[in-house]
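Residue numbers (my numbering): 76 to 342.
A short worksheet on the structure shown next.
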Amino acid sequence: MTRKPDPQTPAGDRIAKVIARAGVASRREAERMIEAGRVRVNGAVIDRAALNVTDADRIEVDGRALDAPEPPRLWLYHKPAGLVTTTKDEQGRETIFDKLPEDLPRVLSVGRLDLNSEGLLLLTNDGGVKRKLELPSTGWVRKYRVRVKGRPEDATFEPLRKGLTLDGEVFQPMSVVLDRQKGANAWATVGIREGRNREIRRAMEAVGCQVNRLIRVSYGPFQLGQLKAGEVEEIRPRVLRDQLGMDETPGKEKPAKGRPKVQRKRR
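Structure follows, in structure tokens:
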């Protein structure tokens, strides 16, 4: 028996969103599960994601009842160099998910840091939060500490400040501050708003600078601070709601006054 979407769908949330909020899969993965006939609502198989459900509906994925969705949560993670930001690597390399604390729920990464990059990576249990944080329209600056080989001058980075076009791809203007020279290397602070694939490395190469270390130190209002490599800190729910303009969910317990802003977990 296959349940077809009712034009008079009751108020609620899209079924794929509910599955994603429960931590079973991303919203897109949940839509594929639905199309494959792996999801039942009130005992009936559904094959289209255009369906709203409420707390009164019983949802099963692969024959297992869906747990009640958790409220959106966000963590700061200090990604070490040498890990890939993916759930599974075809080359068998270690991923960030291999190194996260075992008591962490299923999480999604907000954007990526490449294999050799390190620093702040945001993690969330909510696909909607992930998409919102990744949207260019959010306008949040992502700042990096960048070490390059050689002795560049401030004028070296002027093309980056104006914006580059590389291989037909337009890079928006970056903020670049030359901080200091240390031996054969120079350090700079770079701010970007988009985060294209290897954007900073490619832009630096275009002006003759080879990046040999790249550390993300902030993502919008969220800071790496003193978080050590491999450590995870959870953002307090109120801070998350305030930063994303989210409404407080009725009935949810409010953080106690004086509770730390973050909760630290270390593997």
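By construction, the Cβ of each residue, glycine as well, lies at the ideal position given by its N, Cα and C atoms.
All of these numbers come straight from a predicted model, not from anything done at the bench.
- Message: Short of 6 Å in beta carbon distance, which residues of its chain neighbour lysine 340, apart from the five on each side in sequence? Order them along the chain.
- Response: Per-residue confidence for lysine 340 stands at a pLDDT of 49, beneath the threshold of 50, marking its modelled position as unreliable; no derived number is given.
- How is isoleucine 90 classed by DSSP in three states: helix, strand or coil? Secondary structure at isoleucine 90: helix, using DSSP grouped into helix, strand and coil.
- Message: Please classify leucine 241 as buried or exposed, where buried requires at least 16 neighbouring CB atoms within 10 angstroms.
- Response: That one is exposed.
- Query: Who pairs with tryptophan 215 in a beta bridge, going by DSSP?
  - Reply: Residue pairing by DSSP places tryptophan 215 in no beta bridge whatsoever.
- Reduced DSSP category for aspartate 229 - H, G, I as helix; E, B as strand; rest coil: Secondary structure of aspartate 229 (DSSP, three-state): helix.
- Query: Got a sec, what are the start and stop residues for the beta strand (DSSP E) valine 245 sits in?
  - Reply: Taken as a continuous stretch (DSSP letters only), the beta strand (DSSP E) holding valine 245 covers 244-246.
- Message: I need the DSSP call for leucine 319, collapsed to helix, strand or coil.
- Response: Residue state, collapsed to three classes: helix.
- Query: DSSP beta-bridge partners for glutamine 298?
  - Reply: Beta-bridge pairing links glutamine 298 to Ser293.
- Would you give the residue range spanned by the alpha helix (DSSP H) that glutamate 193 belongs to? Element bounds for glutamate 193: not the alpha helix (DSSP H) but the beta strand (DSSP E), 193-199.
- Item | Cβ-Cβ distance between glutamate 169 and glycine 186 below 8 Å | Going by C-beta atoms, glutamate 169 is not nearer than 8 Å to glycine 186.
- Between the CA atoms of alanine 119 and glycine 305 - distance to the nearest angstrom: About 44 Å.
- Buried or exposed: where does leucine 141 fall if 16 or more other Cβ atoms within 10 Å of its Cβ makes it buried? Leucine 141 comes out buried.
- Is glycine 112 buried or exposed, if buried means 16 or more other CB atoms sit within 10 Å of its CB? Exposed.
- Task: Can you grab the Cα-Cα spacing for the pair valine 252 / aspartate 132, in whole Å?
- Result: Valine 252 and aspartate 132: Cα-Cα distance of roughly 55 Å.
- Kindly indicate which three-state DSSP category aspartate 254 falls into: helix, strand or coil? It is a strand residue.
- Query: Are three or more beta carbon pairs between the region 211-222 and the region 263-278 nearer than 8 Å?
  - Reply: Counting Cβ pairs under 8 Å, three or more are found: they touch.
- Task: Output the boundary residues of the alpha helix (DSSP H) element that contains glutamate 274.
- Result: That run of the alpha helix (DSSP H) goes 274-281.
- Query: So is proline 147 buried or exposed if we call it buried at 16+ other beta carbons inside 10 Å?
  - Reply: Around the beta carbon of proline 147, a 10 Å sphere encloses 16 or more other beta carbons of the protein chains shown; the residue is thus reported as buried.
- Query: So what does threonine 240 bridge to, in DSSP terms?
  - Reply: Val245.
- Alpha carbon to alpha carbon, how far is methionine 321 from glycine 87? Give it in angstroms, no decimals. Straight-line measurement puts the Cα of methionine 321 at about 17 Å from the Cα of glycine 87.
- Helix, strand or coil at leucine 149 [DSSP, three-state]: Here leucine 149 sits in strand by DSSP.
- Message: Rounded to whole angstroms, what is the Cα-Cα separation between proline 296 and threonine 213?
- Response: The alpha-carbon separation between proline 296 and threonine 213 amounts to approximately 12 Å.
- Item | Buried or exposed by the 16-neighbour rule on C-beta atoms within 10 Å, applied to glutamate 193 | Buried: at least 16 other Cβ atoms inside 10 Å.
- Query: Quick one: what's threonine 160 bridged to in DSSP?
  - Reply: In the DSSP assignment, threonine 160 is bridged to no other residue.
- Distance CB(glutamate 135)-CB(glycine 98) smaller than 8 Å: For glutamate 135 and glycine 98, no; Cβs fall outside 8 Å.
- Query: For the ligand ATP, any of its heavy atoms closer than 7 Å to the Cβ of alanine 105?
  - Reply: Ligands displayed in this structure: none; no statement on the ligand ATP is therefore possible.
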